[in-house]
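Residue numbers (our numbering), protein chains in the order written: chain X, 8 to 108; chain Y, 2 to 369.
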Ligand code: FES
């Protein structure tokens with residue numbers, strides 16, 4: 008979604024709508040163009056356990072994985088997406104963009 | 002995007018169309034190449050992000066790096082890049098055990114770049130790729146196209162059958178020096194074809210392990226080039242280490258110089274500490290820029306070698322681990338930015354400043 012000069016990605020994570028700025032906190036890539044997928048959950052060496060399908064956004068540049076439900080990068084919670092408040096009324100999704108952005 | 006310094010990008014990866022490469026191949030190679038048998042392949046490590054950036058795709062489905070026109074418009078224009086150096090990334094063919102086929106394929110790829118890519122935009126320059134599996138054929142390729150004004154460098158895979166300082170390879174360096182062209186190596190083909198395993202410890206299990214350890218082959222080649230006397234034998238030769246990052250270099254040079262004091266008698270042609278040969282002959286490209294938690298630590302590393310004369314910006318576009326010019330510049334101390342972002346590359350590759358190029362062009366038009 009493009010709004011003036013703001014590009015915002017809106018995701019439907021199994022019924023929960025999430026809106027994030029389309030800018031990666033790493034090198035400022037258009038992060039919303041990356042795939043939404045699951046990922047391998049923490050496990051013992053040699054075990055692979057796939058989960059969280061549809062909750063993870065991976066940046067198309069260097070592959071940082073973000074938890075769409077919290078906005079935080081999986082490997083470093085200090086790095087996070089900019090999220091916007093979302094409300095759904097009837098069939099319309101409203102996004103609140105703070106003034107000055 | 003305008004900045005106080007010019008940007009010269011020393012590592013961009015074009016993808017020449019295989020059908021066009023086929024046109025420049027003679028039989029018996031053409032049929033084989035067009036059938037899809039194009040060399041020794043890769044080890045098949047999986048990068049979940051994909052090696053080429055998935056967002057660098059145009060609405061018609063083509064990739065930005067698939068043609069010179071779109072590369073110029075959607076990359077050089079966007080980042081205001083004064084010159085971009087095309088480094089074909091299909092280097093694994095140079096590790097094929099079939100030297101004649103490898104030499105034919107790299108020649109055809111070079112022909113596509115020289116005839117179909119370079120003429121499209123005056124900002125483009127190219128590395129000539131060679132197959133080091135047969136150094137005499139590689140030297141012949143350098144003598145075939147080394148005079149082309151758009152060719153500014155020779156490029157080889159950093160995966161290799163033996164360390165690059167060894168005499169076996171010297172015909173390549175002799176030809177490169179003859180044409181005043183630096184020789185560069187680029188990673189990605191470690192362990193492929195007849196190359197040694199990706200690390201001296203053996204084969205890694207994941208792309209993550211493989212990619213992190215790539216610097217091992219650079220260290221091996223660099224030590225070999227100096228100790229074997231390549232820079233003594235070819236005193237004008239420059240060597241470019243592409244895409245190896247930088248943080249490993251200073252401690253290696255300390256170790257190298259320390260050993261020289263005790264062991265120089267085994268390499269009597271070295272009359273100065275190894276670090277001095279490296280400073281005079283070797284350059285590195287920036288990407289992938291290391292990102293320590295404390296950015297000051299990277300700046301300290303950059304102060305430990307002559308980064309103002311040895312380091313050149315590279316984006317690695319359109320690969321997944323690339324750096325944008327603004328990101329790279331921000332990682333550097335301000336005083337280094339003009340040198341690293343463009344001036345060192347301008348000197349190495351003899352690239353006229355744009356204003357000089359414009360004047361030459363005006364002159365040509367007014368007399369043409
Ligand atoms: S810009 Fe998103 S991971 Fe680097």
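In this text, a Cβ means the ideal position worked out from N, Cα and C, and glycines have one as well.
Since we're looking at a predicted model, the values are computed, not measured.
| Check | Outcome |
| --- | --- |
| Can you tell me the Cα-Cα spacing of residue 360 of chain Y and residue 13 of chain Y, whole angstroms? | Confidence at residue 360 of chain Y is low in this model, with a pLDDT of 48, below 50, so the placement of that residue should be treated as unreliable; the coordinate-derived value is given next. Those two C-alpha atoms are separated by around 27 Å. |
| Listed by chain order, which residues have C-beta atoms less than 5 Å from any heavy atom of the ligand FES? | X:31, X:33, X:34, X:36, X:66, X:68, X:69, X:71 |
| Taking buried to mean at least 16 other C-beta atoms within 10 Å of its own C-beta, is residue 11 of chain X buried or exposed? | exposed |
| For residue 139 of chain Y, tell me which candidate among Y:83, Y:351, Y:20, Y:103 has the shortest Cα-Cα distance. | Y:103 |
| Just to check my reading of the structure: residue 104 of chain X and residue 13 of chain X have Cβ atoms closer than 8 Å, yes? What is that Cβ distance to the nearest angstrom? | 7 Å |
| Answer yes or no: do residue 153 of chain Y and residue 126 of chain Y have a C-beta to C-beta separation smaller than 7 Å? | yes |
| Give me, in chain order, the residues of the same chain whose beta-carbon lies closer than 7 Å to that of residue 110 of chain Y; leave out the 5 immediate sequence neighbours on both sides. | 17, 22, 89, 91, 130 |
| Since residue 315 of chain Y and residue 286 of chain Y should fall inside the 8 Å C-beta cutoff, what is the C-beta to C-beta distance between them, to a whole number of angstroms? | 4 Å |
| Select from the region 24-46 of chain X all residues with a C-beta closer than 8 Å to any C-beta belonging to chain Y, and list them in chain order. | 34, 35, 36, 37, 40, 41, 42 |
| According to a CB-to-CB cut-off of less than 8 Å, which residues of the region 200-227 of chain Y neighbour chain X? | none |
| Anyone know if the C-beta pair for residue 228 of chain Y and residue 272 of chain Y falls short of 7 Å? | no |
| Residue 64 of chain X and residue 20 of chain X: beta carbons closer than 7 Å? | no |
| How big is the Cα-Cα spacing for residue 28 of chain Y and residue 69 of chain Y? | 27 Å |
| Considering residue 84 of chain Y, what are the terminal residues of the beta strand (DSSP E) in which it resides? | 84-87 |
| In three-state DSSP terms, what is residue 29 of chain X? | coil |
| If you run the structure through DSSP and keep just helix, strand and coil, what is residue 185 of chain Y? | strand |
| Between the C-alpha atoms of residue 341 of chain Y and residue 99 of chain X, what's the straight-line distance to the nearest angstrom? | 50 Å |
| Closer than 7 Å, CB to CB, is residue 67 of chain X near chain Y or not? | yes |
| Which residues, in chain order, does the region 320-351 of chain Y contribute to contact with chain X at a C-beta distance below 9 Å? | 321, 322, 323, 324, 325, 327, 328 |
| Taking the alpha-carbon of residue 179 of chain Y as reference, which of Y:335, Y:239, Y:216 has the nearest alpha-carbon? | Y:239 |
| How many angstroms separate the CA atom of residue 20 of chain Y from the CA atom of residue 26 of chain Y? | 10 Å |
| Roughly how many whole angstroms lie between the Cα atoms of residue 144 of chain Y and residue 128 of chain Y? | 14 Å |
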